[in-house]
Structures are given as C-alpha cells and as structure tokens.
Amino acid sequence: MRIRIRQIANLPAMRAILSFFDSLWFPAAYAVLALVSSFTGMEIAFYAITAAIVVFTSVFSRDSKPLLVPVFMGVYAVSRVHAPQPPVESDFFYNRGVQIYLLCLGAAFISCLIFRFIVFPQDRNFFKESKLRLGIILMAAAFLLNGVFFGGYKIADLPFGLLTALSFFALYIYFYNTLYIGEGTGRYVGRLLVMTAGIIFLQLCKIYIFDGVVSGGSVNKDNIITGWGTDSDIGGMLAIFLPACFYIAYTCRRFGFIFYVLGFVFFAGTLLTFSLTSVLVGGAVLIAAAIYLSVKRSPVRRFARIFNIAVIVACAVMAAVFRDLLYDFFAVFLERGLGDTDRLGLWSNGIRNFLRAPLFGAGFFGSPENLQNAANRLLPEMYCNIFIQMLASCGIFGLIAYIVHILQAAFAVRRDPTSESMFYIAVLVSIFAMSLSENLIFRVFPAMVYSVFLLLSEREGEDGPLLLVRPLLIKLISRKKREEGAKGAASAAGGGACNSAASCNAPPKGPAGERHDL
C-alpha cells in the first residue's frame, strides 16, 4: 500500500498539488478562509474543507508539515454569532446535529492521523527517544486520574481529563514521529503564527467597529468576545504569538521591518482586550525583543532603533495631548483590570479543594463552586493558576507530575541557543507566564500550540543543563576535572616513564557513545 500511495503521489498533477500544500500559499489561503468563516458563520463548510485537507495531506504528503496549518488556525474560524459565551449565548454547538457532524469530522481526523502514524513509520520513536517522555506520561496519568478518589467525583472528569491529556501531548507524540524538522522549520512556523495573529487582530478590529464594544466613549469589556474565546483568550493568544513577529523580523533580509512593526500592532491589540495578564506578558515580550533587536546585529537593527525612539516620543505626546480622552477610553482597564478580579478567591477555593482530596485532587468538575458559572460553557470553571489548578484538580500527584515535566523541558534547552531556539523558548515561556494568572493553557487550542512548541524546542535543543545555571555547573565540573587531572599526573609520575611519547600524549577515551556536541 505504501508503494502504491507513493506512486500516486509522484504523478505530475499530484506533485503540483502537494507542492502547493508545502508552500506558504497554503497557510495564506487557509487563513483567508478562516477569517471569512469567522465573519459569516460558515463553520460547517470550513471544517468540511479542513477535513478534506487533513485526509489528503495525511495520505499523500511526504511530510506532516501541512497539518500544522489547521492545528494553529483551525479554531479561529468559529464565528462570533455562534459564541456560547455571554452576551451572545448561542446554542449552535449544543445542537445535536452539529455535534454529530463535528464528531464525524473528528473521527475522520483521528483515523487519518493513525493511518499516517502506522503506514509511514519514521526513524524517530517517542516511546524510546524523547527526553520529555517521563514528564509527559506522568502528566497524562494525572489528567486521567483527576479526582478519582474524591467523594464528589463526576463522570465528566474522565472525558475532560482525556481531552486535556490529548490536547497537551497528542500532537507532540504525533509530530515527534512524523514531522521533518529542518533548517527552515522555524521560519515556516514563525510565519504561520504571524498569519494566525493577523486573523485574531482583524477579528478584534471587527468587534470594535461593528459589534458595539465602544459605548459612551468607553469600552464594554464584557462585549469583547469572539466565537472561540473571551477578552483574555484574544489578548493571551496575541501575546503568545508576539515572539514570531520579532523572530521573522530578525531573520528576514528584505522586509523584516514589516514584521517588526506588526509586533507593535499586535501588542496594541492586547491593550484593546483590557486583559491585564495579556498586557503584562505581551509587554514583557515587546520590551525584551525591542531591546534585543536594537543591540543584536541584524538587518533590522537600525530600523528598530529609530522606530523604538519614534514610538516612545509618540506615546509621550499622546499621553500629554489626549490625556482625558485616553483616560475615558481605558477607564474599564483602570477600574477592573488592576484588581485581582477575584483571583484570590479562586486560589483559596482551589487550596480548599486540594485539602479535601490531597492525593489526586477534587477533579475538574468536582467542586460545586466550579459549576456555578458553567451553565453555558463547554469547559468547567478554572482556578486561573496552573499550579493551583494541578493541586486542586489532580492533587499532589498532578503537581509533582507538572514539576517533573517543566524541569525536563527546561533541561532540554539548548546550551548555546540560536535565534530559532530562542523563538521556541519565548513562546513556551509566554504560555507559562499566561498560565500563572489565566486558565489559557487548559483551552484546547493553546494547549495544542504548547504541544507543538514542546517538540520544536526539544528537537532544536540538546541535553541540558539549563542555560541560566550552565556557568555555575561548568565551573564546578571544570574544577573537578582539574583536580582529577592533577591526581592522574601525580600517579603517572610516581609510576615511572611512559613506554612511548604517543601513549603519554593520547587523550583519555570516554565511554562509547558519549556526546561531545555543544
């Protein structure tokens, strides 16, 4: 079967189609379709097209790279008119026919991925080679066992735990075995994220222009929703995708300045969501990237310096001239965004639930407090902090599993990071930072992004130690080697002269298979 499929894929017409799917024209076209669907409510047609693309590329494409496009962009096709959240409260996704349709498409997706996984095995094997497999296995077990011994255990905890485990790690395992990661992978993924951020930003613009967000000179924050998320989701995804703009600006030789400006534009989008966590994370990324690209030699260094100064001057002038207008516009941010928005109450509730079931937690649906606002939501209420969430829902076992996972991911960081590995790390760190005050990572689509970037970071990196502690470790190791060398020289001098100069000068041999690449 494999040979027959390859013969069909080598036909001239098929080669032309597959070449399109491997190019940047495909994600650009898919982004346009997703944007049109989000404006018109044509999700049924869009996901039928997506299913056809997944089936075709899974069977005939030599590389699973085209599947990254629907992974990053697919969810943003959901229209605001079908949003289950207030104030829209659509029942579109609760319709039995729509649910059956989406389940059939999901079954087709999974079948094709399994087919690809089995029929075209790759040289790499997650279950034998991944440096992160222990933490991943422990995390998956923690999600599946959430609330298992809790007296208020809900049957919904099991499927939601399975969904969470799959969204966190299924794509990591799949792409680990099927994705070819080469020299241009980082630039390709970076461009995908920029296009995806463009979709989100245009949806945000549409909300402001046509959906009555601005009223009486101020902003109704509760009305900032799309079909796929609320204000914190919109701002969070823009903040997470910001590193892609600056990475492409750094690596692009001719038009890098466009991507540099886009980074500032998308950060302005996070400001318009009035999500404090998103603004803080996005602001940290923006400042770090602006400083780095102003110092580091690159095609955009001169432009970055000039543009940064211009932005600072423009912000100062606007703050002085339009002070009252800006205060009225951002009043909702100043009044609501700077408080804890009941985070302390959520975290206290999480600790109480942990104490009720310390080993495996109270489950995701196990706490009555977590169900009070979930009547029209597809997901349970969360604790808006990943450490509290793991403790409350998965117990001490879940927290230990998560700590093991993040330590393994940290120690897989490249010792001498390239711009590509720094891009991957920046996205992962942004997701982690967002997870300290939001529940973003427990949404399916951010978890899928996290899953892919775990793989990219690991494949670009190498065995630890972690970048920040490397100098101390190297100093200790070097001192130990010098001491051992001095002892060896003393023993050699006491044992008499060497039989030959060659044997004296030969370096000591390490164990077979020892890695020396830095």
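Residue numbers for the sequence shown, in full-length UniProt numbering: 1 to 518.
Ideal Cβ positions, reconstructed from N, Cα and C, are used throughout, including at glycine.
- Item | Burial state of A310 (16 or more Cβ within 10 Å) | As a position in the sequence shown, residue 310 is number 310, starting the count at 1. That one is exposed.
- Looking at the structure shown, is S130 part of a helix, part of a strand, or coil, going by DSSP? Walking along the sequence shown from the start, residue 130 turns up at place 130. Residue state for S130 is assigned as coil, using DSSP reduced to three classes.
- Flag this pair as yes or no: are the beta carbons of G190 and Y247 separated by less than 8 Å? Taking the first residue of the sequence shown as position 1, residue 190 is located at position 190. Taking the first residue of the sequence shown as position 1, residue 247 is located at position 247. For G190 and Y247, yes; Cβs fall inside 8 Å.
- Item | Neighbourhood of V285 by C-beta distance below 7 Å, restricted to the same chain and skipping five residues each side | On the sequence shown, residue 285 is found 285 positions in, with the first residue counted as 1. Correct list, in chain order: A239, L242, P243, A426 and S430.
- Query: Do you know how far the Cα of L407 is from the Cα of Y383?
  - Reply: Against the sequence shown, residue 383 aligns to sequence position 383. Against the sequence shown, residue 407 aligns to sequence position 407. The straight-line gap separating the alpha-carbon atoms of Y383 and L407 is approximately 23 Å.
- Query: Which two residues bound the contiguous alpha helix (DSSP H) that contains V81?
  - Reply: Counting from 1 along the sequence shown, the entry for residue 81 is found at position 81. First-last for V81: undefined, no H or E at that position.
- Take T230 and list the residues in its own chain whose beta-carbon comes closer than 8 Å to its own, dropping the five residues that flank it on each side. Taking the first residue of the sequence shown as 1, we reach residue 230 at position 230. Same-chain partners within the cutoff: Q85 and I224.
- Item | Coil, strand or helix - S61 by DSSP | Numbered from its first residue, the sequence shown carries residue 61 at position 61. Here S61 sits in coil by DSSP.
- Message: Taking 8 Å as the threshold (beta carbon to beta carbon), is I258 in contact with chain D?
- Response: No chain D appears in this structure, which consists of one protein chain only.
- Query: Which residue or residues does DSSP assign as beta-bridge partners of S167?
  - Reply: Numbered from 1 along the sequence shown, position 167 holds the residue referred to as residue 167. Within the DSSP secondary-structure output, S167 pairs in no beta bridge.
- Bounding residues of the alpha helix (DSSP H) (the contiguous stretch that carries E89): Locating residue 89 in the sequence shown gives position 89, counting from the first residue. That residue, E89, is in no alpha helix (DSSP H); it is neither H nor E in DSSP.
- Do G363 and G216 have their CB atoms nearer than 8 Å? Working through the sequence shown from its first residue, we reach residue 363 at position 363. Working through the sequence shown from its first residue, we reach residue 216 at position 216. No. Outside cutoff.
- Query: Mapping DSSP to helix, strand and coil, what is V148?
  - Reply: In the sequence shown, residue 148 corresponds to position 148, counting from 1. If DSSP states are grouped into helix, strand and coil, V148 belongs with coil.
- Quick one: any contact between the stretch 21 to 40 and the stretch 66 to 75, if contact means 3 or more CB pairs under 8 Å? yes
- Kindly indicate the opening and closing residues of the alpha helix (DSSP H) around I306. Position 306 of the sequence shown holds residue 306. Looking at the DSSP string, the run of the alpha helix (DSSP H) that includes I306 is R301 to V321.
- Residues near R2 by beta carbon distance below 7 Å, same chain, minus five either side: Here residue 2 corresponds to residue number 2 of the sequence shown, with the count starting at 1. If we look at R2 and ignore the five residues flanking it on each side, its Cβ neighbours are V119 and F120.
- Query: Which one of I44, L428 and F21 has the shortest CA to CA distance from F93?
  - Reply: For this step, residue 93 is matched to residue 93 along the sequence shown. Residue I44 is the option with its Cα nearest to F93.
- Query: With a cut-off of 8 Å, do at least 3 Cβ pairs link the stretch 131 to 139 to the stretch 346 to 353?
  - Reply: no
- Message: Can you check which of these residues, D416, L359, L428 and S435, is closest to I400 by C-alpha distance?
- Response: Stepping through the sequence shown from its first residue, residue 400 is reached at position 400. The residue with the shortest Cα to Cα distance from I400 is L359.
- Item | Residue ranges of each alpha helix (DSSP H) within the stretch 376 to 460, 4 or longer | 386 to 411, 419 to 434 and 444 to 460
- Task: Leaving aside the five residues before and after M195 along the sequence, list all residues of the same chain whose C-beta is less than 6 Å from its C-beta, in chain order.
- Result: Walking along the sequence shown from the start, residue 195 turns up at place 195. P27 and A31.
- Below 8 Å, can you find three or more Cβ-Cβ pairs linking the stretch 99 to 114 to the stretch 246 to 260? no
- Query: What are the boundary residues of the alpha helix (DSSP H) that includes Y101?
  - Reply: As a working note, residue 101 is residue 101 in the sequence shown. Its alpha helix (DSSP H) spans residues R96 to V119.
- Message: Here's the rule: buried if 16 or more other CB atoms are within 10 angstroms of the residue's CB, otherwise exposed. What is Y180?
- Response: By one-based count along the sequence shown, residue 180 stands at place 180. With fewer than 16 Cβ atoms within 10 Å of its Cβ, Y180 is classed as exposed.
- Option in S58, A13, I173 and V78 with minimal Cα separation from S37: As a first step, residue 37 must be located in the sequence shown, where it is residue number 37. Closest by alpha carbon: V78.
- Compare the C-alpha of I5 against each of F115, N353, T164 and L440 and name the closest. In the sequence shown, counting from the first residue as 1, residue 5 sits at position 5. Distances from the alpha-carbon of I5 to those of F115, N353, T164 and L440 put F115 closest.
- Message: Comparing C-alpha positions only, which one of C112, V449 and K206 sits nearest to L428?
- Response: Mapped onto the sequence shown, residue 428 falls at position 428. The candidate whose alpha carbon is nearest that of L428 is V449.
- Message: Please report the distance separating the alpha-carbon of Q7 from that of S61.
- Response: Looking up residue 7 in the sequence shown gives position 7. Looking up residue 61 in the sequence shown gives position 61. Between Q7 and S61, the C-alpha separation is close to 12 Å.
- Query: S218 bridges to which residues according to DSSP?
  - Reply: As a first step, residue 218 must be located in the sequence shown, where it is residue number 218. Partner(s): S215.
- Out of F109, R80 and S294, which has the shortest C-alpha to C-alpha gap to V59? The count along the sequence shown starts at 1 and reaches residue 59 at position 59. Ranking the options by Cα distance to V59, first place goes to F109.
- Message: So for T185, helix, strand or coil by DSSP?
- Response: Here residue 185 refers to the residue found at position 185 when the sequence shown is read from its first residue. T185: helix per DSSP, three-state reduction.
- Can you name, in chain order, every residue of its own chain whose Cβ lies under 8 Å from the Cβ of I199, other than the five neighbours on each side? Within the sequence shown, numbered from 1, the residue matching residue 199 stands at position 199. Within the same chain, I199 has close Cβ partners A31, A34, L35, S38, M73 and Y76.
- Item | Where M237 falls, given that 16 or more other Cβ within 10 Å makes a residue buried | Locating residue 237 in the sequence shown gives position 237, counting from the first residue. Buried, since its Cβ has 16 or more Cβ neighbours within 10 Å.
- Length of the line joining the Cα atoms of A304 and V261: Counting from one through the sequence shown, the residue named residue 304 turns up at place 304. Counting from one through the sequence shown, the residue named residue 261 turns up at place 261. Each residue's alpha carbon lies about 9 Å from the other.
- Among residues of its own chain, excluding the 5 on either side of V444, which ones have a beta-carbon nearer than 8 Å to its beta-carbon? Here residue 444 refers to the residue found at position 444 of the sequence shown. Taken in chain order, the residues that qualify are V75, L163 and S167.
- Outcome for V279 when other beta-carbon atoms lying within 10 angstroms are tallied against a minimum of 16: Taking the first residue of the sequence shown as position 1, residue 279 is located at position 279. V279 should be labelled buried.
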